[in-house]
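The structure under discussion appears below in the form of structure tokens.
In this note's numbering, the protein residues as written are 116 to 353.
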């Protein structure tokens with residue numbers, strides 16, 4: 116694959132380093148280990164060449180939200196060694212599951228029982244599908260997700276399928292909130308996870324935090340952060 120220009124590559128490397136440094140600082144502020152969380156680089160708005168460059172920089176976890184864009188990108192990156200680990204992070208329309216599900220290792224955005232059942236029906240018996248239940252912690256009418264009081268029943272429903280492995284919970288914080296308000300939302304998801312987790316169901320993953328709020332999320336226990344905008348400043352400029 117043809118690479119991106121040298122200047123863009125240098126800017127991407129600089130941005131990635133800066134995000135990782137901010138992660139380490141936020142984790143340290145919370146008394147957490149530097150490797151306690153992983154970065155999912157959201158590649159939905161960049162071409163395959165940029166995603167390839169991220170892989171070259173050691174960034175294997177890549178996030179997509181639109182299967183029709185993700186599939187060609189996955190094919191283009193298919194020969195990269197090591198291979199990417201694909202995360203579905205956006206609204207997953209059930210009619211798009213059949214063709215796109217095989218590319219994803221993780222689905223973060225399981226927001227209702229209908230989607231849960233469709234994933235269970237389409238998942239391969241030969242490969243574990245790792246899922247996270249999306250919880251609408253803030254109760255926003257415009258956002259999808261289980262209510263906190265629905266989450267335990269949804270977990271039990273998911274556990275009926277041997278093809279699904281529930282890794283944890285995911286949420287999206289409301290826009291325009293203060294740092295303290297953001298932390299409260301993220302803390303509420305962590306508290307919910309802690310209440311629902313058992314030795315048999317550890318729910319080790321908390322997917323929360325994006326470019327504008329991932330430091331607050333890390334301070335409240337995030338193990339997966341979904342970052343796009345902060346990685347690409349100056350990368351695609353001509």
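A virtual CB, placed ideally from N, CA and C, is assigned to each residue, including glycine.
Residue i vs residue j beta-carbon contact at 8 Å
i           : j           : result
residue 164 : residue 218 : no
residue 357 : residue 161 : A question about residue 357 goes unanswered here, because the residues of the chain that appear run from 116 up to 353.
residue 298 : residue 331 : yes
residue 226 : residue 203 : no
residue 301 : residue 288 : yes
residue 343 : residue 159 : yes
residue 168 : residue 118 : yes
residue 186 : residue 214 : yes
residue 259 : residue 206 : yes
residue 318 : residue 263 : no
residue 133 : residue 142 : no
Helix, strand or coil at residue i [DSSP, three-state]
i           : result
residue 306 : helix
residue 261 : strand
residue 124 : helix
residue 156 : strand
residue 177 : strand
residue 342 : strand
residue 350 : coil
residue 322 : strand
residue 134 : helix
residue 284 : strand
residue 161 : coil
Neighbourhood of residue i by C-beta, 7 Å cutoff - its chain only, sequence neighbours within 5 removed
i           : result
residue 267 : 311
residue 145 : 333, 334
residue 176 : 153, 154, 155, 156, 200, 202
residue 294 : 331
residue 320 : 247, 282, 283, 338, 339
residue 189 : 201, 218
residue 137 : 330
residue 240 : 278
residue 255 : 289
Candidates the options, of which the one nearest residue i by Cα
i           : options            : result
residue 149 : 205, 118, 131, 135 : 135
residue 157 : 322, 334, 335      : 322
residue 228 : 249, 216, 245      : 249
residue 107 : 253, 166, 259, 209 : One cannot answer for residue 107 here, as it falls past the ends of the chain, which runs 116 to 353.
residue 232 : 208, 174, 253      : 208
residue 275 : 221, 257, 234, 263 : 234
residue 171 : 127, 324, 206      : 127
residue 273 : 309, 316, 191      : 316
residue 230 : 210, 182, 313      : 210
residue 236 : 255, 254, 212      : 212
residue 180 : 221, 123, 271, 196 : 221
residue 292 : 313, 196, 314, 328 : 328
residue 326 : 345, 254, 309      : 345
Cβ neighbours of residue i in the same chain (closer than 6 Å, five flanking residues each side left out)
i           : result
residue 252 : 286, 300, 303, 304
residue 336 : 305, 321
residue 269 : 248, 261
residue 178 : 155, 157, 202, 204, 341
residue 324 : 332, 337, 340
residue 139 : 149
Chain B within 8 Å of residue i, Cβ atoms only
i           : result
residue 118 : The displayed structure is made up of one protein chain only, and chain B is not part of it.
Residues of its chain near residue i, where Cβ-Cβ distance is below 8 Å and the 5 sequence neighbours each way are ignored
i           : result
residue 174 : 131, 154, 156
residue 238 : 216, 244, 276, 278, 279
Every unbroken beta strand (DSSP E) within the region 207–282, with a cutoff of 3 residues, ordered by chain: 221–225, 244–249
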